[in-house]
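Enquirer:
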Amino acid sequence: MFKLIQLIPPHFILDVDGKVFKGSFYRGKDFVDLHLSEGTFRIPLGEKKNRRSSNHSAEGELTSPMPGKVIKVLVKENQKVKKGEVLLILEAMKMEHKVVSPKDGVVHKIIFKENDRVSQGEELIEIN
Amino acid sequence: MFKKILIANRGEIARRVIIAAREMGISTVAIYSDPDSESLHVQEADESYSLEGIESKETYLDVDKVLDIAKKAKVEAIHPGYGFLSENAEFAKACSKAKIKFIGPSPESMKLLASKIASKELAKKAKIPIVPGFEGVLPAGKELGKLAKEIGYPLLLKAAAGGGGKGMRVVHDSKELSEMVEGAKREALAFFKDETLFIEKYIEHPKHIEVQLLGDERGNLIHLFERECSVQRRHQKMIEESPSPSLTPKLREQICEAALKIAKAAKYYSAGTAEFLLDSKGNFYFLEVNTRLQVEHPITELVTGIDLVKAQIRIAAGEKLALKQDQVTQRGHAIECRLYAEDPENNFLPAEGIAGLLHEPERPGVRIDSALKQGQPILPYYDPMLAKLIVFAEDRELAILKMKTLLQDYVLLGIRHNLDFLKHTLESKDFISGKYHTHSVAELLRTFEQRRKKLQDSFSPLAFLFSSQSPISSLSNKAQVDPLASLQGFKNV
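Which chain is which? The protein sequence lines are A and B, in order. With this note's numbering, you'll find the first sequence wraps up at 129, consecutive numbering, no jumps. With this note's numbering, you'll find the second sequence wraps up at 1303, consecutive numbering, no jumps.
1) Got a sec: is the Cβ-Cβ distance from B:Q1266 to anything in chain A below 8 Å?
2) Are the stretch 1113-1122 of chain B and the stretch 1090-1097 of chain B in contact at 8 Å, needing three or more beta carbon pairs?
3) Measuring CA to CA, which of A:D117, A:R118, A:E115, A:I111 is closest to A:I126?
4) Does the separation of the CB atoms of B:V1099 and B:E1010 fall below 8 Å?
5) In three-state DSSP terms, what is B:L816?
6) Going along chain A, which residues have a C-beta under 7 Å from B:F1269?
7) Taking 8 Å as the CB-CB limit, is A:G29 close to chain B?
8) Mind checking if B:L1199 is an interface residue toward chain A, Cβ cutoff 8 Å exclusive?
9) Starting from the Cα of B:A970, find the closest Cα among B:D983, B:E1207, B:R996, B:A958 and give me that residue.
10) Going by other Cβ atoms of all chains shown within 10 Å of its Cβ, with 16 needed for buried, is A:Q7 buried or exposed?
11) Looking only at its chain, what residues have a beta carbon closer than 7 Å to the beta carbon of B:R979, apart from the 5 residues adjacent to it on each side?
12) Suppose the cutoff is 8 Å on Cβ atoms and the five residues either side in sequence are ignored; what does the same chain contact list for B:H1143 look like?
13) Where does A:S58 sit, in a helix, a strand or coil, going by DSSP?
14) I need the DSSP call for B:F1002, collapsed to helix, strand or coil.
15) Do the CB positions of B:T1101 and B:G1128 come within less than 8 Å of each other?
16) With respect to the beta strand (DSSP E) encompassing B:R1148, which residues constitute its N-terminal and C-terminal limits?
17) So B:I817 and B:I828 are in contact, right, with Cβ under 8 Å, and what is the actual spacing, rounded?
18) Are any of the Cβ atoms in chain B nearer than 8 Å to that of A:P11?
19) Helix, strand or coil: how does DSSP classify B:R1206 here?
20) Terminal residues of the continuous beta strand (DSSP E) containing A:D117?
21) Taking contact to mean 3 or more Cβ pairs, one atom from each stretch, closer than 8 Å, check whether the stretch 1178-1189 of chain B and the stretch 1159-1168 of chain B are in contact.
22) Can you tell which of A:I9, A:L46, A:K30 has the C-alpha that lies nearest to the C-alpha of B:F1269?
23) Judging by CA-CA distance, which residue of B:E1155, B:L1007, B:L1070, B:G821 is the nearest neighbour of B:F944?
24) Going by C-alpha distance, which of B:P1194, B:K1264, B:Q1218 is nearest B:I1225?
25) Around the C-beta of B:T1139, are 16 or more other C-beta atoms found within 10 angstroms, so that it is buried, or is it exposed?
26) Identify every residue that forms a DSSP beta bridge with B:E1050.
27) Between B:P845, B:D846, B:M811, which has its C-alpha nearest B:R832's C-alpha?
28) Out of B:K926, B:S860, B:R825, B:K921, state which residue places its alpha-carbon closest to the alpha-carbon of B:H889.
29) Using a cut-off of 9 Å between C-beta atoms, extract the partners of A:S25 located in chain B.
30) Starting from the beta carbon of A:E39, find every residue of chain B whose beta carbon is closer than 7 Å, and list them in chain order.
31) Note down, in chain order, every chain A residue with its Cβ under 9 Å from the Cβ of B:R1226.
32) Consider the Cβ of B:D1088: report whether some Cβ of chain A lies at a distance smaller than 8 Å.
33) Are at least three pairs of beta-carbons, each pair with one atom in the stretch 1169-1186 of chain B and one in the stretch 846-857 of chain B, less than 8 Å apart?
34) Using DSSP with H/G/I as helix, E/B as strand and the rest coil, what is B:I1123?
35) Where do the ends of the alpha helix (DSSP H) carrying A:K84 lie?
36) Shorter than 8 Å from the beta carbon of B:L1189 to some beta carbon of chain A?
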């Protein structure tokens, strides 16, 4: 569980599962460098087209782009949905993130319900 | 005293020489390659001239270009720094011909000490121990056995035609001698098409001890005690300290005396360093003399209180050495860590990047010799050394703590570097006990990799914070900008 306590570039204060990390960051083209008291770390970043960071897959399953909480599910199973329609809303770092349908289809399975906590990359919903 | 000198170098050492000269009231001239045109050393000199080129050989190593600029700028002397032309006797001669003083030793002593064979002869004559060996065609059979016994086991067999560990064998006793010789010969032939081998005593877990020398042109020569530089990787020094934790007062005296003897025999003047290997039994062996100012000179400066660059300039201007040997003492403890542009996750291969975010802490007892500038691209054309992080404290324990804290607080983002490995080494039992040697890094790298992987995995999930999905992805790197930083490059007219 990540909680952003403060962000004044290039400094940040994060709470990760109760542990506080203070550091600075530098955003490169496809990486971000972090400086923490534990050391300097480079985290490669995927591109928008990269499967890992995109929350759409070929099969119509949608995965969570970040750890957070499902605060609202706007559709029901077997409901017809249109491309771009908002399916559910995630909350992370005090900000809301709308998960939209990548295509026209039918809601096949809703894996999480309201107030559930999700991890990054977890499958949220299946659209057929 | 000189009125104007040219610094034939770049980066942190150019800055080092420029500040020493300016503090002596001497005007400074910088030279720069195309990639270095916005460098700090260029901005800090009184005048600067372009070398018009990129690669070292068409810029900093181009004797004609350097001398042309020196003549155009009407300088009286040239300081070569370290590396580049600093140990080039031909360059020193060319300076002399152009009636420009070369700030360094005489071309003759440079030539003499550059030759490994000649300098070993000098050491032998001065009765200074050298690594026992035989640099001729290896005898065979009984003769070989006799030679091996003379030198003493363990032995090292080396391919005469090459290095890199190929054609190298360590022989522990007479029983495995002939087998090892055959193996080494085969490998040498396969890799270098030459099966000639050299044989010498193998020094297990050696320590690298070097002595700083300083002499004037009137024959006065003193030593400024020792430095230990045993933390090395691929023969590249990483951490140096002074005094050496491995020397007893008697050993210190013996090594420093040996260094003086060799320098005197070579009629050496200016600054130089005599290098030795120390084995686990307290025996030391002369390796070579470096006829220039060394990278790690700051730790000697901090412990003795002597500015070596200013001393070099004064000596070159014909002054007498200001200090006598008994006036030189060691006080406190200094450690230097070299920051290199190397990727710890990729076998420490050279890295390229940008000084995206830089914070070099300033606090008592800390000296940072660097030429890094925030926003500056770091290209692979020259030395991968980025900066020297140096601390000075009352004793070794305090110096280690000071360095650990400095390494934790130093920030350089945008390029991969060895900072975390330096910290890992400094925290290791081997380093703290002082029992490290020139092969210690190999084991340290193993434990570093393990620790590193764990930490890297725990921070990887933070990627989402900066990914394109994240609400903060649009935030730039805009750090608090120092308004005066934009005024750099302007000088009082």
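Idealized CB from N, CA, C, for every residue including glycine.
Expert: Quick look at the numbers:
1) Mapped onto the second sequence, residue 1266 of chain B falls at position 456. B:Q1266 counts as touching chain A.
2) With a cut-off of 8 Å, the stretch 1090-1097 of chain B and the stretch 1113-1122 of chain B do not count as touching, because too few Cβ pairs lie within range.
3) Indexing the first sequence from 1 puts residue 126 of chain A at position 125. Answer by Cα proximity: A:I111.
4) Here residue 1099 of chain B refers to the residue found at position 289 when the second sequence is read from its first residue. Here residue 1010 of chain B refers to the residue found at position 200 when the second sequence is read from its first residue. Their beta carbons are not under 8 Å apart, which means B:V1099 does not touch B:E1010 by this criterion.
5) Locating residue 816 of chain B in the second sequence gives position 6, counting from the first residue. Under the three-state reduction of DSSP output, B:L816 falls in the strand class.
6) Taking the first residue of the second sequence as 1, we reach residue 1269 of chain B at position 459. Within chain A, L35, F42, I44 have C-beta atoms less than 7 Å from the C-beta of B:F1269, given in sequence order.
7) Within the first sequence, residue 29 of chain A is the residue found at index 28, counting from 1. Yes, contact with chain B.
8) On the second sequence, residue 1199 of chain B is found 389 positions in, with the first residue counted as 1. No, B:L1199 lies away from the interface with chain A (no Cβ there is under 8 Å from its Cβ).
9) Numbered from 1 along the second sequence, position 160 holds the residue referred to as residue 970 of chain B. Minimum Cα-Cα distance from B:A970 among the listed residues B:D983, B:E1207, B:R996, B:A958 corresponds to B:R996.
10) The residue you call residue 7 of chain A lines up with position 6 of the first sequence. Per the 10 Å Cβ criterion, exposed.
11) Translated into positions along the second sequence, residue 979 of chain B becomes position 169. Result list for B:R979: L967, M990, G993, A994, in chain order.
12) Numbered from its first residue, the second sequence carries residue 1143 of chain B at position 333. Excluding positions up to five away in sequence, the list reads E1051, S1052, P1053, V1113, F1202, A1203, E1204, D1205, R1206, L1208, A1209.
13) On the first sequence, residue 58 of chain A is found 57 positions in, with the first residue counted as 1. For A:S58, the pLDDT reaches just 47, beneath the cut-off of 50, and the residue's location in the model is therefore unreliable, although a value from the coordinates is still provided. If DSSP states are grouped into helix, strand and coil, A:S58 belongs with coil.
14) For the purposes of this step, residue 1002 of chain B is taken as residue 192 along the second sequence, with counting starting at 1. In the three-state scheme derived from DSSP, where H, G and I count as helix and E and B as strand, B:F1002 is classed as helix.
15) Position 291 of the second sequence, counted from the start, is the residue given in the question as residue 1101 of chain B. Position 318 of the second sequence, counted from the start, is the residue given in the question as residue 1128 of chain B. With respect to B:G1128, B:T1101 sits apart: the two C-beta atoms are not nearer than 8 Å.
16) The residue given as residue 1148 of chain B occupies position 338 in the second sequence. Unbroken beta strand (DSSP E) run through B:R1148: 1143-1150.
17) If you number the second sequence from 1, residue 817 of chain B lands on position 7. If you number the second sequence from 1, residue 828 of chain B lands on position 18. Between B:I817 and B:I828, the beta carbon gap of about 6 Å places them in contact (Cβ cut-off 8 Å).
18) Along the first sequence, read from residue 1 onward, the residue named residue 11 of chain A stands at position 10. With a threshold of 8 Å between beta carbons, A:P11 makes contact with chain B.
19) Counting from 1 along the second sequence, the entry for residue 1206 of chain B is found at position 396. Here B:R1206 carries a helix assignment [DSSP, helix/strand/coil].
20) Counting from one through the first sequence, the residue named residue 117 of chain A turns up at place 116. Following the DSSP letters along the chain, one finds A:D117 in no beta strand (DSSP E), marked with neither H nor E.
21) Segments in contact, yes.
22) Here residue 1269 of chain B is taken as the residue at index 459 of the second sequence, counted from 1. Ranking A:I9, A:L46, A:K30 by Cα distance to B:F1269 puts A:L46 first.
23) On the second sequence, position 134 is the one that residue 944 of chain B refers to. Of the listed residues, the one whose Cα sits closest to B:F944 is B:L1007.
24) Residue 1225 of chain B sits at position 415 when you count from the first residue of the second sequence. Per the Cα distances, B:P1194.
25) As a working note, residue 1139 of chain B is residue 329 in the second sequence. B:T1139 is exposed by the Cβ-count criterion.
26) Counting from 1 along the second sequence, the entry for residue 1050 of chain B is found at position 240. In DSSP, B:E1050 forms a bridge with B:E1146.
27) Your numbering for residue 832 of chain B matches position 22 in the second sequence. When only C-alpha atoms are compared, the closest one is B:M811.
28) Counting from 1 along the second sequence, the entry for residue 889 of chain B is found at position 79. B:H889 has its Cα closest to that of B:R825, out of B:K926, B:S860, B:R825, B:K921.
29) Position 24 of the first sequence, counted from the start, is the residue given in the question as residue 25 of chain A. By Cβ distance, chain B contributes L1167, H1169, V1221, L1223, A1289.
30) For this step, residue 39 of chain A is matched to residue 38 along the first sequence. Under the 7 Å cutoff, chain B gives L1265.
31) Within the second sequence, residue 1226 of chain B is the residue found at index 416, counting from 1. For B:R1226, the chain A residues whose C-beta falls within less than 9 Å of its own C-beta are D34, T41, R43, listed in chain order.
32) Here the question's residue 1088 of chain B lines up with position 278 in the second sequence. A small correction: the amino acid at residue 1088 of chain B is Leu; Asp does not occupy that position in the sequence shown. Chain A contact via Cβ: absent.
33) Between the stretch 1169-1186 of chain B and the stretch 846-857 of chain B, the count of Cβ pairs shorter than 8 Å is three or higher; the stretches touch.
34) Taking the first residue of the second sequence as 1, we reach residue 1123 of chain B at position 313. B:I1123: helix per DSSP, three-state reduction.
35) Taking the first residue of the first sequence as position 1, residue 84 of chain A is located at position 83. First-last for A:K84: undefined, no H or E at that position.
36) What you label residue 1189 of chain B is simply residue 379 of the second sequence in a count that begins at 1. Taking Cβ atoms only, chain A never reaches closer than 8 Å to B:L1189, which makes this a no.
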